[in-house]
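Working notes, beginning with the structure itself.
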């Protein structure tokens, strides 16, 4: 397998504060890779650094063989990467349909009809809500819309930041099922940031654990799930 | 009644000009949250470009009708294009480098740009008032009262009102239906997310300035044709009034800017007609004060609450 995305020794700063202290991550084509860690560990920062905002001050990020470290965000997002970011960031005063049209902005509208049918197939509720404004959707619907919007640009790599946050377990399961399907049937590569370590590690082929801006552990998803340190830090006392 | 109708016509004409300028204020505020105080002066530049084009093309009231219409369209096109370049340049050199700086910084440079534009035009075109002979003449008598008061709508008023309606309709379509307009609304609502979807936010902001300047240029040309005199200072008062219109309508709201412009034009005209012409500016600015106190989000603005 070839690495679709490789993050090599990336350091990111917010002003003088170090957020990432030299992170190495590799994601191969067709994989689901998850990144788990506590609040403030730097998971979302890594997601955003891959997209060029904030920019990595050291190290390099290579996607599909091309160095994207210093590209502007909008150019990176036109290279078949898309992100469903932390907090979903639905455009609140646009309809569901318009939000999805925005998702297709990076690739144009040549196969828009087919693409929208595809995401409506994945999340049928969005079809019913298509004329409704994004800000009026429930949390679960907004999350589905955020993922659907990210899929509209036909990405090879989908970056997903905490899709389960604040959602009912049933909805989380529905969303994770869709991700598994997309990965198995269409070979979509997924990089998933989660606090919900149990679900994420069960879904993922491989996982990374991040503490304080550094990767401290890596391994196959189910193997990490068995490790004592992971259980103690992210699972025991939590759900399940 | 006749007197009232006449003032109504005059007010709508003036309001059209304010509305066209106000759109520039409201769109820029919507997308980057700053008041572009140089926008009134962009309007002034537009009126000068229009005046120069009129002189260069040798248009006068003697020009045959169809040729005149054609020539005016050319003047408007030239004014829109050149003024848009000015708007683009102002954003590029004065505002973009300060993006991400503290909130007052672009406001201060905006005032600086306003003074720069005024001085540039004053030096390059001279400080004296520039008169232009009436180009679009004639009109229609709508009604006449028993005591001989004649209600008229002049051809230039018809042109201003029709052109404004067409431009505003077109512009509303552009914002609501095209992918460019959608990108602008996306940047307005969440610029970071828009960039995550592959939208070039800087370019979208530039285009917003270009559009605002082009509409202000049309207002500038109409101003020249309607009043027949301009000078380098007209941008200040017109700009502040259009800004008042944008605030009254709800800053950030496109229909709000149109409605606000119309209302300010009407209020100013009726105040001059029925109370005192010396205090017409006071009337317009009192509206600004009243709106800020009692209706801070404007007539069509949205309150700053959102479901999360």
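Protein chains in written order, with full-length UniProt numbering: chain S, 1 to 240; chain A, 1 to 308.
No residue lacks a Cβ here, since even glycine has one placed at the ideal position from N, Cα and C.
Judged by DSSP in its simplified three-state form, residue 232/A adopts coil rather than helix or strand. Taking 9 Å as the upper bound on Cβ-Cβ separation, chain A lies near residues 48, 51, 52, 53 of the segment 38 to 53 of chain S.
Using a Cβ-Cβ cut-off of 8 Å, residue 102/S counts as an interface residue toward chain A, since at least one Cβ of chain A sits closer than that to its own. DSSP places residue 32/S in the uninterrupted beta strand (DSSP E) bounded by 32 to 37. In the assembly as shown, residue 3/A is an exposed residue. Its beta-carbon has fewer than 16 other beta-carbons within 10 Å. Counted as a single uninterrupted DSSP element, the beta strand (DSSP E) harbouring residue 24/S occupies residues 17 to 28. Comparing alpha carbon positions, the residue from 270/A, 267/A, 165/A closest to residue 255/A is 165/A. Here residue 13/S is bridged, per DSSP, to 18/S. Residue 298/A has a beta carbon lying at 8 Å or more from every beta carbon in chain S. A direct Cα-Cα distance of roughly 8 Å separates residue 262/A from residue 11/A. Pairing residue 22/A with residue 257/A gives a Cβ-Cβ distance under 8 Å. For residue 157/S, the enclosing beta strand (DSSP E) stretches over residues 157 to 161. Put simply, of 247/A, 213/A, 252/A, 53/A the residue whose alpha carbon is nearest the alpha carbon of residue 71/A is 53/A. One alpha carbon belongs to residue 70/S, the other to residue 265/A, and they sit about 50 Å apart. Rounded to whole angstroms, residue 77/S and residue 205/S show a C-alpha spacing of 25 Å. Residue pairing of residue 133/S in beta bridges, as defined by DSSP: 95/S.
Interface flag for residue 119/A against chain S is unset, since no Cβ pair is found closer than 8 Å. Contact annotation: in the segment 179 to 208 of chain A, residues whose CB is within less than 9 Å of a CB in chain S are 179, 182, 183, 185, 186, 188, 189, 190, 192, 193, 194, 195, 196, 197, 198, 199, 200, 201, 202, 203. By the Cβ rule, the segment 183 to 197 of chain S counts as touching the segment 28 to 41 of chain S, because three or more pairs are nearer than 8 Å. Short of 7 Å from the beta carbon of residue 61/S, and not among the five residues preceding or following it, lie these beta carbons of its own chain, in chain order: 7, 10, 50, 68, 69.
Under the three-state reduction of DSSP, residue 64/A is assigned to coil, being neither helix nor strand. By the criterion of at least three beta-carbon pairs nearer than 8 Å, the segment 123 to 130 of chain S is not in contact with the segment 228 to 242 of chain A. Just so you know, the alpha carbons of residue 47/S and residue 281/A end up roughly 54 Å apart.
Closest by C-alpha distance to residue 72/S, out of 93/A, 274/A, 192/A, 298/A, is 192/A. Cβ contact annotation for residue 180/S (same chain, cutoff 7 Å, sequence separation greater than five): 203, in chain order. With its beta carbon less than 8 Å from one in chain A, residue 73/S belongs to the interface. The C-beta of residue 115/S has 16 or more other C-beta atoms within 10 Å across all chains shown, which makes the residue buried. Taking all protein chains shown into account, residue 133/A has fewer than 16 neighbouring C-beta atoms within 10 Å of its C-beta and is therefore exposed. In its chain, beyond the 5 residues on either side, 267, 268, 271 have a beta carbon closer than 7 Å to the beta carbon of residue 283/A.
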